[in-house]
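*Asks:* Start counting at 1 in the sequence shown, then tack on 6, and there's your number in this note's numbering. Every residue gets a Cβ at the ideal spot worked out from N, C-alpha and C, and that includes glycine. Just dropping this structure here.
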Amino acid sequence: MQVLGIDVGGTGIKVAVVETTTGEMITERVRVPTPRPATPEAIGAVLKELVTEHKWTGPVGIGFPAAIQRGIARTAANVHKSFIGLPIAEFFSAQTGCRVFVANDADAAGMAEMRFGAGKGNAGVVLIITIGTGLGTAVFIDGHLLPNTELGHVYLDNGVEAERYASEAVRVTKGLKWKEWGKRFDHYLTTMEALLWPDLIILGGGVSDELHKFSPMITTKAPVIAASFLNQAGIVGAALFAEECLHRDK
Ligand code: BGC
7 MQVLGIDVGG TGIKVAVVET TTGEMITERV RVPTPRPATP EAIGAVLKEL
57 VTEHKWTGPV GIGFPAAIQR GIARTAANVH KSFIGLPIAE FFSAQTGCRV
107 FVANDADAAG MAEMRFGAGK GNAGVVLIIT IGTGLGTAVF IDGHLLPNTE
157 LGHVYLDNGV EAERYASEAV RVTKGLKWKE WGKRFDHYLT TMEALLWPDL
207 IILGGGVSDE LHKFSPMITT KAPVIAASFL NQAGIVGAAL FAEECLHRDK
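This is how it looks when you write it as structure tokens:
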């Protein structure tokens, strides 16, 4: 099945048509900046443009940076607060004229990695962390997702919220060297390890292809590997999520 996959991030919105049987992107990835303020109307208008540009009328899967409970946004850390309580799938369906399905962005990225990428065939507990404007998390148990874990908002023992301490946005705005940021990120990883004891940790998002630069700082017992889809996992996973919902509806 072909699905338009969209990854809405705190800074950029990325889109491509995805073939869900293989997890391949069959059009070139397009990236546009996330509008500010990132209100439902402003993001909806950008989504409408992207759908029109792709001459798309089929199903759309969106990975969105919030807890999404049965189509309703419950949080809004890096987008406008008016998303909270919004039936987001319904809202974006009305704005784009397409059938839209919305999942948390990290959960979507995790689905792509578990089906086709670095987590394929992995039993046990797998923790996927997407590193970007925020820190997104997805937890899989024997391949099954525990949806909407918001573990980037955990407070570390230094009293700072994890995503305000060790996200990619923090690395860039504070101009941290890889070694400095790597130490912070390891602090986060070891905290996660002590709480979840994952068998495998997969890192996605912009910095996943820079893992070699900070891997010397990592001290977890669980192996830490880069996502196979690197920064594209969100787009592919969003499409897989839409396909899964359509199948469930049948
Ligand atoms: C949000 C999560 C999201 C993560 C990555 C966090 O601020 O609360 O829902 O997955 O950022 O975008």
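#1: To which residues of the same chain is residue 241 closer than 6 Å at the C-beta, ignoring the five residues directly before and after it?
#2: When we look at the beta-carbon of residue 75 and count the other beta-carbons within 10 Å, is it buried (16 or more) or exposed?
#3: So the beta strand (DSSP E) residue 25 belongs to, where does it begin and stop?
#4: For residue 134, write down the residues that DSSP places opposite it in a beta bridge.
#5: By the 10 Å Cβ neighbour count, where 16 or more other Cβ atoms means buried, how is residue 246 classified, buried or exposed?
#6: Mind reading off the beta-carbon distance from residue 212 to residue 69? Whole number of angstroms is fine, and I expect it under 8 Å.
#7: Do you know whose CA, among 131, 226, 102, 135, lies nearest residue 173's CA?
#8: Apart from the five residues on each side of it in sequence, which residues of its chain come closer than 6 Å, Cβ to Cβ, to residue 80?
#9: Could you tell me if the beta carbon of residue 209 falls within a distance shorter than 7 Å of some heavy atom in ligand 1?
#10: Would you kindly work out how many angstroms separate the C-alpha atoms of residue 78 and residue 230, rounded to a whole number?
#11: So, with DSSP's three-state summary, where would you put residue 156?
#12: Distance, Cα to Cα, residue 161 vs residue 61?
#13: Within 10 angstroms of its Cβ, does residue 255 collect 16 or more other Cβ (buried), or is it exposed?
#14: Can you give the Cα-Cα distance for residue 148 and residue 176, rounded to whole angstroms?
#15: Pick out whichever of 137, 46, 115, 97 has its Cα sitting closest to the Cα of residue 82.
#16: Nearest by alpha-carbon distance to residue 233: which of 86, 65, 156, 215 is it?
#17: Tell me, to the nearest whole angstrom, how far the beta carbon of residue 41 is from that of residue 48; I am working on the premise that it is less than 8 Å.
#18: At a threshold of 7 Å, does residue 138 count as lining ligand 1 (C-beta to nearest heavy atom)?
#19: Using DSSP's beta-bridge definition, name the partner residues of residue 150.
#20: Run through DSSP, which three-state label would residue 110 get?
#21: Quick one: residues in its chain with C-beta nearer than 8 Å to the C-beta of residue 51, no 5 flanking neighbours on either side, listed in chain order?
#22: Taking the alpha helix (DSSP H) that residue 46 falls in, what are its first and last residues?
#23: Do residue 165 and residue 71 have their CB atoms nearer than 8 Å?
*Replies:* From the atom records:
#1: 11, 13, 20, 22.
#2: With fewer than 16 other Cβ atoms within 10 Å, it is exposed.
#3: Unbroken beta strand (DSSP E) run through residue 25: 18-25.
#4: 144, 208, per the DSSP bridge assignment.
#5: Residue 246 comes out buried.
#6: Contact flag wrong, Cβ pair sits at about 15 Å.
#7: It is 135 whose Cα lies nearest to the Cα of residue 173.
#8: Cβ neighbours of residue 80 beyond the five flanking positions: 73.
#9: Answer for residue 209: no, Cβ out of range of ligand 1.
#10: Distance between the alpha carbons of residue 78 and residue 230: 32 Å.
#11: In the structure shown, residue 156 adopts coil according to DSSP, grouped into three states.
#12: Per the coordinates, the alpha-carbon of residue 161 lies some 44 Å from the alpha-carbon of residue 61.
#13: Exposed.
#14: Distance between the alpha carbons of residue 148 and residue 176: 33 Å.
#15: Nearest option by C-alpha distance: 46.
#16: For residue 233, the nearest C-alpha among the options comes from 215.
#17: The C-beta separation of residue 41 from residue 48 comes to about 4 Å, placing the pair in contact by the 8 Å criterion.
#18: Taking the Cβ of residue 138 as the reference point, at least one heavy atom of ligand 1 falls within a distance shorter than 7 Å.
#19: For residue 150, which the question treats as bridged, DSSP gives the partners 147.
#20: Residue 110 falls in the strand class under three-state DSSP.
#21: Within the same chain, Cβ atoms closer than 8 Å to the Cβ of residue 51 are found at 41, 101, the five residues on either side in sequence being excluded.
#22: Secondary structure note for residue 46: its alpha helix (DSSP H) is the uninterrupted segment 46-59.
#23: Their beta carbons are not under 8 Å apart, which means residue 165 does not touch residue 71 by this criterion.
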